[in-house]
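First up is the structure itself, then whatever we jot down about it.
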Amino acid sequence: MRGNSFDLFRSKGLHEVDPTISDLLQRELERQRDSIELIASESFTWPAVLEAESSVAGNKYASGFPGRRFYPGCELVDAIELLAIERARTLFGAEHANVQPYSGSLANEAVFMACLEPGDTILSLPFHQGGHPTHGYDANLSGRLYNTVSYDLDRETSLIDYEQVRSLALEHRPRLIICGGSAYPRTVQVERFREIADEVGALLLCDMAHFAGLVAAGLHPNPVPLCDFVTSTTHKTLAGPRGGFVLCKAEYTRALDDAVYPVLQGGPLVQSLAAKATCFEIAGSEAFASFQRRVRENADRLAAKLMTAGLEVVTGGTDTHLLLVDLRATGWSGPDAERRLHEVGVTVNAISVPFDKRQPESTSGLRLGTPALTMRGFDQEDMSEVAEIIVGALDESADLDALAARAASLCERRPLYPGFDGYCRYSPGSQAPVRRDNVFAMDERSKRWPLPISAIRVASAEA
Ligand code: PLP
């Protein structure tokens, strides 16, 4: 890169300026295309969202909120953020939305900053039973600042034991009760939590990061009317950009906004606000609802097929997009099974199952989710094939090459981002094919002022 000039940097795309990173990004696209992606917290976002996310909006500083920024030139940013707020509020029926959190973790921390004092008590599902570290786990800031009391799942059913939640609430009088988590496959009965919170005078937070897409599609009860605060990510079932947001009752508007900025964050990622606005717009459509219905059907089919083949699925199935496979009756630990599946092109993550005796680094479970595969068009028949590949791979005498070939042929049949070239190409000398020469497009105006423009293009749209 040393020989490159300032003018080249100002006018060329990633491939010309940094072919090494360009190659790695292109290969990441190929990796995503070539594997059976079952990580429950991931999805593949829409090309429109990718485009908004990599746009010039990222150049703008906009600390503050619409109409009260610390920088001039925010008229268009205000319009973008107001749209994101309005769309989030409409989608979930919320009184107030803050769409600035950089992540789901910061969305949770913002709620704590808005309504808790250090030393206050939180009642939540523990991390090793499906909660999230930011719900008061001792290794997280939340666990250091607040006093966490945990409710366990029922030992027999692995479901939330609402009676236990109530008795812990009566005993410890928490300031905040948290429901929702990262690995709970069943419907969260928010109305039960509301009753308990009311009985002890606690605030109620639902972290719907995992199932927000199902809520948007009417496939999981909406926690918003029942909760003081609802947090979420935009990148799991919602299939939007990486990021978080918080919904709350109007009375907490000021406290929440102050907690996001300036207490926790600096200026918002404006490109991310734009991408969130697009994500919320799409999530309100009938096409999105039907996508989420397929996410659910695919999860049911996957669970059913795994159980028929003799694997144990925690709670006997799922109400959501995710399921947990309990490997305790097999010889596999979670990480060994994760590695084995990786060898045949299936990506899942190892996780603790409820009352796991293994340590968190050597768990007894796998967490599987269907949003990513459903996004690329996998149907229930495909999910049966995926289940067979998983079951086959966990057989000690498996023909791994044959299973990998089956996985590859599924991926070929259900292409990811068909026609989309990404914004990178391989550098000369790379073994992989160069897909297209001119991927860095410039329009007439940008030639006069040669700054890089957003270069993501759907090839079919350009053709
Ligand atoms: N809340 C829940 C329930 C999650 O599952 C996650 C992430 O997996 C988060 C919050 C945190 O999201 P992020 O990784 O964006 O900080």
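When the letters of the sequence shown are read in order and numbered with my numbering, they come out as residues 15 to 477. From the three backbone atoms N, C-alpha and C, an ideal C-beta is built for every residue, glycine too.
According to DSSP, simplified to helix, strand and coil, what is Arg449?
As a first step, residue 449 is located in the sequence shown; it is residue number 435 there, counting from the start. Confidence is the limiting factor: at Arg449 the pLDDT is only 37, short of 50, which leaves the residue's position unreliable and the question unanswerable from this model.
Would you kindly work out how many angstroms separate the C-alpha atoms of Arg449 and Phe84, rounded to a whole number?
Indexing the sequence shown from 1 puts residue 449 at position 435. Indexing the sequence shown from 1 puts residue 84 at position 70. With a pLDDT of only 37 at Arg449, under 50, the local geometry of the prediction cannot be trusted, and no value is derived from it.
Run through DSSP, which three-state label would His335 get?
Translated into positions along the sequence shown, residue 335 becomes position 321. His335 falls in the coil class under three-state DSSP.
Contact under 7 angstroms by Cβ, Ser378 with Leu341:
Counting from 1 along the sequence shown, the entry for residue 378 is found at position 364. Counting from 1 along the sequence shown, the entry for residue 341 is found at position 327. Yes, the pair counts as a contact, with Cβ atoms nearer than the cut-off.
Do Val125 and Leu219 come within 7 angstroms of each other at the CB atom, strictly closer than that value?
For the purposes of this step, residue 219 is identified with residue 205 of the sequence shown, where counting begins at 1. For the purposes of this step, residue 125 is identified with residue 111 of the sequence shown, where counting begins at 1. Against a cut-off of 7 angstroms, the Cβ pair of Val125 and Leu219 comes out as a contact.
So does the segment 132-141 actually touch the segment 157-169, counting three or more Cβ pairs closer than 8 angstroms?
yes
Return the CA-CA distance between Lys263 and Asp314, expressed in angstroms with no decimal places.
Numbered from its first residue, the sequence shown carries residue 263 at position 249. Numbered from its first residue, the sequence shown carries residue 314 at position 300. Lys263 and Asp314: Cα-Cα distance of roughly 34 angstroms.
With hydrogens ignored, establish whether the beta-carbon of Gly227 is closer than 6 angstroms to any heavy atom of the ligand PLP.
Translated into positions along the sequence shown, residue 227 becomes position 213. No; taking the cut-off as 6 angstroms, the Cβ of Gly227 has no heavy atom of the ligand PLP nearer than that.
Is there contact between the segment 298-308 and the segment 167-184, where contact requires at least three CB pairs shorter than 8 angstroms?
no
Kindly provide the chain-ordered list of residues whose Cβ lies closer than 5 angstroms to any non-hydrogen atom of the ligand PLP.
Ser55, Ser117, Gly118, Ser119, His146, Ser196, Asp221, Ala223, Thr247
Can you give the Cα-Cα distance for Ala253 and Ala230, rounded to whole angstroms?
Locating residue 253 in the sequence shown gives position 239, where the first residue counts as 1. Locating residue 230 in the sequence shown gives position 216, where the first residue counts as 1. Straight-line Cα distance between these residues: approximately 11 angstroms.
Label Gln40 either buried or exposed according to how many other C-beta atoms from any shown protein chain fall within 10 Å of its C-beta, with 16 as the threshold for buried.
Along the sequence shown, one-based indexing puts residue 40 at 26. Looking at its Cβ environment, which holds 16 or more other Cβ atoms inside 10 Å, Gln40 is buried.
Going by the DSSP bridge assignment, what does Asn363 pair with across the sheet?
As a working mapping, residue 363 is identified with position 349 in the sequence shown. Answer is Arg381, bridged to Asn363.
Assuming the contact rule is C-beta atoms closer than 8 angstroms, Ala108 and Ala102 should be a hit. Round their C-beta distance to whole Å, please.
By 1-based counting over the sequence shown, the position of residue 108 is 94. By 1-based counting over the sequence shown, the position of residue 102 is 88. So it is a contact: roughly 7 angstroms between Cβ atoms.
Pair within 7 angstroms by beta-carbon distance, Ser246 and Ala226
In the sequence shown, the residue the question calls residue 246 occupies position 232. In the sequence shown, the residue the question calls residue 226 occupies position 212. Yes. Within cutoff.
Roughly how many whole angstroms lie between the Cα atoms of Cys293 and His234?
As a first step, residue 293 is located in the sequence shown; it is residue number 279 there, counting from the start. As a first step, residue 234 is located in the sequence shown; it is residue number 220 there, counting from the start. For Cys293 and His234, the distance between alpha carbons rounds to 19 angstroms.
If you compare alpha carbons, which of Arg189, Val202, Cys193 is closest to Glu213?
The sequence position of residue 213 within the sequence shown is 199, counting from 1. Checking every option, the nearest Cα to that of Glu213 belongs to Arg189.
Shortest alpha-carbon distance to Val358 belongs to which of Phe392, Val405, Ala343, Asn312?
Translated into positions along the sequence shown, residue 358 becomes position 344. Nearest option by C-alpha distance: Val405.
May I have the straight-line CA-CA distance separating Leu217 from Val238, to the nearest angstrom?
Mapped onto the sequence shown, residue 217 falls at position 203. Mapped onto the sequence shown, residue 238 falls at position 224. Cα to Cα, Leu217 sits roughly 13 angstroms from Val238.
Check Phe141 in the structure and name its three-state DSSP category.
Locating residue 141 in the sequence shown gives position 127, counting from the first residue. Here Phe141 sits in helix by DSSP.
For Asp396 and Leu424, the rounded distance between their alpha carbons
By one-based count along the sequence shown, residue 424 stands at place 410. By one-based count along the sequence shown, residue 396 stands at place 382. Computed Cα separation, rounded: 7 angstroms.
Determine the DSSP secondary structure at Phe259, reduced to helix, strand or coil.
Your numbering for residue 259 matches position 245 in the sequence shown. Residue state, collapsed to three classes: strand.
Euclidean distance between Cα positions of Ser441 and Val31
Locating residue 441 in the sequence shown gives position 427, where the first residue counts as 1. Locating residue 31 in the sequence shown gives position 17, where the first residue counts as 1. Only weak support is given to the placement of Ser441: the predicted model assigns it a pLDDT of 43, under 50, and the value that follows is read from those uncertain coordinates. C-alpha separation (whole angstroms): 11 angstroms.
Would you kindly report the start and end of the unbroken alpha helix (DSSP H) that includes Ile191?
Translated into positions along the sequence shown, residue 191 becomes position 177. From DSSP, Ile191 is part of no alpha helix (DSSP H) but of the beta strand (DSSP E) over 190-193.
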